[in-house]
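Asker: Numbering (this note's numbering), first residue to last: 148 to 345.
Backbone N, C-alpha and C fix where the C-beta goes; we use that ideal spot for every residue, glycine too.
All of these numbers come straight from a predicted model, not from anything done at the bench.
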C-alpha cells in the first residue's frame with residue numbers, strides 16, 4: 148500500500164507533492180482519462196461539488212464534463228477569505244479564470260458556502276486517503292470547515308492516484324472522513340468506516 152506508516156502530515160505532504168512533481172506528463176494524462184471514465188459511475192442529474200485539478204493533482208476538467216453529461220449541476224470552489232468555501236457553477240473549461248493559489252474557478256457569480264448542502268456528491272482533492280477514510284489535504288482546512296454543512300448522506304469522494312490510497316494516515320480530531328475513494332486503477336471504491344485492513 149505505498150508508503151510507510153510512521154510519518155506526520157507534513158512529511159507525507161512533502162513526499163507526495165515531490166512524487167507528483169516528478170510524474171511523467173503522459174502518465175498523468177492517462178490517469179486523468181481513466182478518472183474521467185470512472186467518474187461516470189457517480190454522475191447523476193443532481194448537484195455535485197467538485198474542483199479543478201491543478202498543480203499535478205490527479206484528473207482534469209474531463210471529470211467535470213462527465214459529471215455534467217446527464218444534466219447534473221457542478222459547483223466549484225471560489226477563493227475567498229479563510230473559512231468555509233464559496234462556490235461557482237461550472238459551465239465548461241472555457242469559462243474558468245485563474246484565481247489565487249494557482250487555482251481555476253468559474254467566471255460566474257459566487258454562491259455562499261451553504262450551497263454545499265444541496266450536493267448529493269462531493270469530490271474532494273486529496274494528497275492521500277487511507278482505508279478508514281482519513282483524507283490528507285494540503286493543510287489549510289478549507290474543506291474540513293466546509294463539509295460540516297453537507298447533507299448527512301452526501302457521498303464524499305476523495306480523488307487520488309493509486310499509490311496515494313494507503314493503509315493508514317495520521318488523523319486529527321477536526322478531520323472529516325470520506326466514504327469513497329476514486330483512483331485511476333481502482334475506479335470508485337466504497338470504504339468501510341472501521342476497515343483498517345491492508
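Since residue 275 and residue 319 are thought to touch, with beta carbons under 8 Å apart, how far apart are those beta carbons, to the nearest angstrom?
Answerer: At roughly 14 Å, the Cβ-Cβ gap does not stay under 8 Å, so residue 275 and residue 319 are not in contact.
Asker: From this set, 243, 231, 327, which residue's C-alpha is nearest residue 268's C-alpha?
Answerer: Considering only alpha carbons, the answer is 327.
Asker: Evaluate residue 195 with the Cβ neighbour count: other Cβ atoms within 10 Å of its Cβ, from every protein chain shown; 16 or more gives buried, anything less gives exposed.
Answerer: By the 10 Å Cβ count, residue 195 comes out buried.
Asker: Identify which residue in 262, 279, 338 has its Cα closest to the Cα of residue 298.
Answerer: Ranking the options by Cα distance to residue 298, first place goes to 262.
Asker: Spatial neighbours of residue 182 within its chain, please: CB distance less than 7 Å, with the 5 preceding and 5 following residues excluded, ordered by chain position.
Answerer: Counting only Cβ-Cβ distances below 7 Å, and skipping sequence neighbours, we find 205, 206, 210, 306, 329, 331.
Asker: With DSSP as the reference, please indicate the residues paired to residue 266 in a beta bridge.
Answerer: Paired residue(s): 194.
Asker: Who are the Cβ neighbours of residue 264 in its own chain at under 8 Å, not counting the five residues just before and after it?
Answerer: Counting only Cβ-Cβ distances below 8 Å, and skipping sequence neighbours, we find 296, 297, 298.
Asker: Using a Cβ-Cβ cutoff of less than 6 Å, which residues in the same chain neighbour residue 221 once the five nearest sequence positions on both sides are dropped?
Answerer: These residues qualify, in order along the chain: 195, 197, 211, 214, 215, 237.
Asker: Buried or exposed for residue 337, please, with buried defined as at least 16 other CB atoms from any protein chain shown within 10 angstroms of its CB.
Answerer: Under this definition residue 337 is an exposed residue.
Asker: Just the Cα atoms here: how many angstroms apart are residue 323 and residue 316?
Answerer: Computed Cα separation, rounded: 13 Å.
Asker: Do residue 225 and residue 239 have their C-beta atoms closer together than 7 Å?
Answerer: Not closer than 7 Å, so no.
Asker: Taking only three categories from DSSP, how would you classify residue 170?
Answerer: Coil at residue 170, not helix or strand.
Asker: Can you name, in chain order, every residue of its own chain whose Cβ lies under 7 Å from the Cβ of residue 335, other than the five neighbours on each side?
Answerer: Here the set comprises 185, 188, 189, 327, 329.
Asker: Where does residue 274 sit, in a helix, a strand or coil, going by DSSP?
Answerer: Coil at residue 274, not helix or strand.
Asker: In chain order, what residues of the same chain have a beta carbon less than 7 Å from the beta carbon of residue 281, not counting five sequence neighbours either side?
Answerer: Here the set comprises 316, 318, 322, 324.
Asker: Let me know the secondary structure DSSP gives residue 220 once reduced to three states.
Answerer: Strand at residue 220.
Asker: Taking Cβ to Cβ, would you say residue 159 is nearer than 7 Å to residue 283?
Answerer: Taking 7 Å as the Cβ cut-off, residue 159 and residue 283 qualify as a contacting pair.
Asker: Looking only at its chain, what residues have a beta carbon closer than 8 Å to the beta carbon of residue 255, apart from the 5 residues adjacent to it on each side?
Answerer: For residue 255, where only same-chain residues beyond five positions count, the Cβ hits under 8 Å are 235, 236, 238, 242.
Asker: What are the start and end residues of the beta strand (DSSP E) that includes residue 213?
Answerer: Run containing residue 213: none in the beta strand (DSSP E); it sits in the alpha helix (DSSP H), 208-215.
Asker: For the alpha helix (DSSP H) containing residue 293, list its first residue and its last residue.
Answerer: Start and end: 289-293.
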